[in-house]
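Residue numbers (this note's numbering): 3 to 381.
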């Protein structure tokens, strides 16, 4: 979930968050490809997932981990090979069994609540390339703030034969092979409220089991923080994020997301001074990140509302400067860090417009909304 996706409706309004992909050049050949899915009780979305990619692969394999609805029936009707798997509280084990059964040269790995929206033609003509992992643009949809928000992440989803996963939850491909950005765009709606309610508590239970084995594991603490944040348990999220920040390796691919989320949750937990200290320490790293300055603006606004040190005007002016910095940076390629669409444009402009409206600067507010219009619903 993108941090800071909310509105302040009394004194000021908060909104909240593209990847430009350049396909690599490879020689021409058509290897065997498979769409590989693990699923459980996904009758709502399994057909959408399969239909989005089945015309571009040689086979579709669905590994069912215990559905009691029509998931398997629907998957078969869409042309998938369907196999059963006895669930063992280990997502990597399920993924790896599905990959074993697919036995393909290339595997496109999707969740049942995802679907391929771009790159099918490229996938259909997937040329031979050296063994490397394909990184896709994954767009997660949210219903928060002033409009539907889209968080964008780069995630490894195209695996060559032999690569397997590690991790009982939030599993990752374990490989020393290079990762290459490929022109695949995947959309995900599993973070919408009605879907989150179905899965609440599942990931946290598995993550806590992992944490018991290694309490200082930065990645597990980070994911536990995300889970708590999604459930609006901001104080608990801060505790996990704090450990993750302390234990973080320099080469981590989630440092930016961790920083932005931690900053947001500190503000939500009322720990404004800690949030400002974190921002000051981290700012040199994220000078060109609209996500960072967007979250910082939220902390500064919260500090103003809380009348921190009695400096309301000071914090308000700094919040305004932070969101103006977002517009200066603009919408940027989030690169490996991920990000939320709109934080460099219409979301920051919305927050600034609300501030101007509260101050009576209606012309300036109107101009901001005209220069940075909200996208149409569903776009």
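C-beta atoms are modelled at their ideal positions from N, C-alpha and C, and glycine is treated no differently. Since we're looking at a predicted model, the values are computed, not measured.
| said: If you follow the beta strand (DSSP E) that residue 62 is in, where does it begin and where does it stop? | reply: 61-66
| request: Identify whether residue 368 lies in helix, strand or coil by the three-state DSSP scheme. | output: helix
| task | Would you tell me roughly how many angstroms separate the C-alpha atoms of residue 26 and residue 102, rounded to the nearest one? | result | Caution applies to residue 26, whose pLDDT of 40 falls short of 50 and renders its modelled position unreliable; the value that the coordinates give is listed next. Cα to Cα, the separation comes out at about 27 Å.
| said: Can you confirm whether residue 281, when its beta carbon is compared against all beta carbons of chain C, has any partner nearer than 8 Å? | reply: No chain C appears in the structure shown, which is made up of a single protein chain.
| field | Rounded separation between residue 242 and residue 207 - CA only | value | 15 Å
| query | Hey, is the region 298-315 in contact with the region 259-277, meaning 3+ C-beta pairs nearer than 8 Å? | reply | yes
| request: Go ahead and pull the three-state DSSP assignment for residue 36. | output: strand
| said: Less than 8 Å between the C-beta atoms of residue 346 and residue 332, yes or no? | reply: yes
| Three or more beta-carbon pairs under 8 Å between the region 39-54 and the region 163-183, yes or no? | no
| DSSP state of residue 23 mapped onto helix, strand, coil | Low per-residue confidence applies at residue 23: pLDDT is 34, beneath 50, and the placement is therefore not dependable enough to give any value.
| query | residue 296: which of 315, 340, 256, 344 sits nearest, CA to CA? | reply | 344
| query | What is the DSSP secondary structure of residue 269, reduced to helix, strand or coil? | reply | helix
| Tell me the DSSP bridge mates of residue 109? | 36, 161
| Rounded C-alpha distance that separates residue 370 from residue 176 | 46 Å
| For the candidate residues 133, 230, 353, whose alpha-carbon lies nearest to that of residue 180? | 133
| said: For the alpha helix (DSSP H) containing residue 316, name the first residue and the last one. | reply: 314-331
| request: Measuring alpha carbon to alpha carbon, tell me which of 211, 160, 209 ends up nearest residue 187. | output: 160
| For residue 80, which residues from the same chain have a beta carbon less than 8 Å from its beta carbon, with the 5 sequence-adjacent residues on both sides left out? | 48, 49, 52, 53, 56, 62
| Using DSSP with H/G/I as helix, E/B as strand and the rest coil, what is residue 55? | helix
| query | Nearest-angstrom Cα distance between residue 354 and residue 325? | reply | 7 Å
| request: If I'm right that residue 246 touches residue 220 with Cβ under 8 Å, what's the distance once you round it to whole angstroms? | output: 5 Å
| C-alpha gap between residue 165 and residue 137, whole angstroms | 14 Å
| said: My assumption, with CB atoms under 8 Å, is that residue 162 sits in contact with residue 107. Please give the rounded CB distance. | reply: 7 Å
| Coil, strand or helix - residue 254 by DSSP | coil
| First through last residue of the alpha helix (DSSP H) which encompasses residue 292 | 292-307
| field | Residues near residue 85 by beta carbon distance below 6 Å, same chain, minus five either side | value | 65, 103
| Between residue 320 and residue 225, what straight-line distance do the alpha-carbon atoms span, to the nearest angstrom? | 31 Å
| message | Checking 8 Å against the spacing of the C-beta atoms, do residue 44 and residue 73 come in under that value? | response | yes
| Taking the C-alpha atoms as reference points, what is the distance between residue 190 and residue 283? | 33 Å
| request: In the DSSP assignment, find the unbroken alpha helix (DSSP H) run with residue 361 in it and report its ends. | output: From DSSP, residue 361 is part of no alpha helix (DSSP H); its letter is neither H nor E.
| request: Taking the CB atoms as reference points, tell me whether residue 261 and residue 288 lie closer together than 8 Å. | output: yes
| Shortest alpha-carbon distance to residue 274 belongs to which of 306, 60, 290? | 306
| message | Is it buried or exposed, residue 82, if we count other Cβ atoms within 10 angstroms and call 16 or more buried? | response | buried
| task | Just tell me which of 310, 229, 309, 277 has its CA closest to the CA of residue 294. | result | 277
| query | Hey, out of 229, 46, 89, whose CA is closest to residue 75's CA? | reply | 46
| Cβ distance (whole Å) where residue 292 is taken to contact residue 378 below 8 Å | Their Cβ separation, rounded to whole angstroms, is 21 Å, which puts residue 292 and residue 378 out of contact at 8 Å.
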